[in-house]
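Numbering (the UniProt record's numbering), first residue to last: 1 to 276.
Reading through the structure tokens given below for one structure.
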């Protein structure tokens with residue numbers, strides 16, 4: 001493997017035997033001035049699908065944190081039975097380093113979706129909490145519990161699709177759902193907005209749960225009925241979207257999934273309308 005740029009003492013940008021660029025991690029591989037051939041036995045981990053932020057962000061991250069992030073990601077993959085993008089560990093290492101910086105500078109962390117995350121992504125949140133425990137054990141530092149949802153997002157957003165067909169089906173379901181929302185509310189949704197991106201994230205994971213027959217079922221009937229009355233348009237959308245899910249995935253949405261879909265639909269439309 002050929003080193004073409006050193007990022008820090010233990011991380012280098014390389015080209016493998018097939019001509020593919022990757023980021024390599026291994027003790028001391030960044031000491032020698034490139035270009036040079038690094039023995040594969042010295043490379044502990046390679047990260048493909050790199051982006052500019054992957055190696056720029058990791059430049060000042062200590063070796064100990066990179067190893068810890070790799071360990072956390074490996075454990076999450078096993079527990080969640082998913083494959084995460086190869087650069088997830090680097091992104092998480094960068095996040096941990098920044099979280100330590102925020103803590104030292106006493107910068108408060110605000111996360112409006114924290115309660116949503118606990119309900120919508122319980123398995124990822126469990127792994128994120130375990131990650132905080134691992135960070136405390138390894139670094140002897142207790143991070144803010146609000147970091148857990150941020151760590152969980154790494155596990156959620158970095159999951160690798162098993163097939164192109166699955167990704168295409170998800171895109172079609174999301175576009176169909178948004179189209180029905182636009183018809184119900186009578187105005188277009190800006191596909192470039194943060195509001196839309198946030199809604200798509202919810203829909204994407206909802207599709208994954210429905211496809212895996214792992215929907216949230218513990219519905220609060222009183223809250224569900226109250227939301228039906230408070231947001232009738234969002235309820236009608238949820239009912240229509242549930243029918244589409246049944247047609248394409250073989251099972252309608254549970255009432256609790258509808259309830260969260262109503263909340264996300266109402267938030268999307270309220271904020272989009274105020275921006276127009």
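Glycine included, each C-beta is placed from N, C-alpha and C at the ideal position.
Per-residue DSSP class, three states only, for residue i
i	result
residue 45	strand
residue 251	coil
residue 6	strand
residue 207	helix
residue 266	helix
residue 191	coil
residue 30	coil
residue 61	coil
residue 52	Reliability of the predicted coordinates at residue 52 is poor, the pLDDT of 46 falling under 50, and the value obtained from them is presented with this limitation in mind. In the structure shown, residue 52 sits in a helix (DSSP, three-state: H, G or I).
residue 212	coil
Through-space distance from residue j to residue i, alpha-carbon basis
i	j	result
residue 52	residue 231	Because the pLDDT at residue 52 is just 46, under 50, the model does not fix this residue reliably, and the value given afterwards should be weighed accordingly. About 43 Å.
residue 90	residue 229	46 Å
residue 13	residue 31	13 Å
residue 189	residue 154	26 Å
residue 121	residue 149	9 Å
residue 143	residue 58	20 Å
residue 163	residue 173	Model confidence at residue 163 stands at a pLDDT of 49, short of 50, so the residue's coordinates are unreliable and nothing is read from them.
residue 86	residue 152	16 Å
residue 253	residue 241	8 Å
residue 265	residue 131	31 Å
residue 205	residue 82	13 Å
residue 238	residue 209	16 Å
residue 185	residue 255	22 Å
residue 135	residue 119	24 Å
residue 126	residue 133	11 Å
residue 3	residue 243	54 Å
residue 48	residue 108	33 Å
residue 157	residue 195	17 Å
residue 193	residue 271	10 Å
residue 94	residue 201	22 Å
residue 245	residue 191	21 Å
Test item: CB-CB of residue i and residue j under 9 Å
i	j	result
residue 223	residue 259	yes
residue 28	residue 42	yes
residue 6	residue 34	yes
residue 45	residue 70	yes
residue 96	residue 61	yes
residue 68	residue 76	no
residue 234	residue 262	yes
residue 199	residue 273	no
residue 249	residue 207	yes
residue 73	residue 103	no
residue 105	residue 128	no
residue 139	residue 100	yes
residue 1	residue 15	yes
residue 213	residue 251	yes
residue 80	residue 124	yes
Cross-strand partners of residue i (DSSP beta bridge)
i	result
residue 245	BP columns for residue 245 are empty, so no partner.
residue 291	Past the boundaries of the shown model lies residue 291; the chain is included only from 1 to 276, so the question cannot be answered.
residue 37	2
residue 227	None; residue 227 has no bridge partner.
Contiguous alpha helix (DSSP H) assignments of at least 4 residues, all confined to the stretch 102-177: Listed in chain order, the complete alpha helix (DSSP H) runs (minimum 4 residues) inside the stretch 102-177 are 114-120, 122-139 and 147-157.
Extract the residue ranges of the alpha helix (DSSP H) inside the stretch 63-97, only unbroken runs of 4 or more that lie entirely within it. Counting only runs of 4 or more, we get 63-80.
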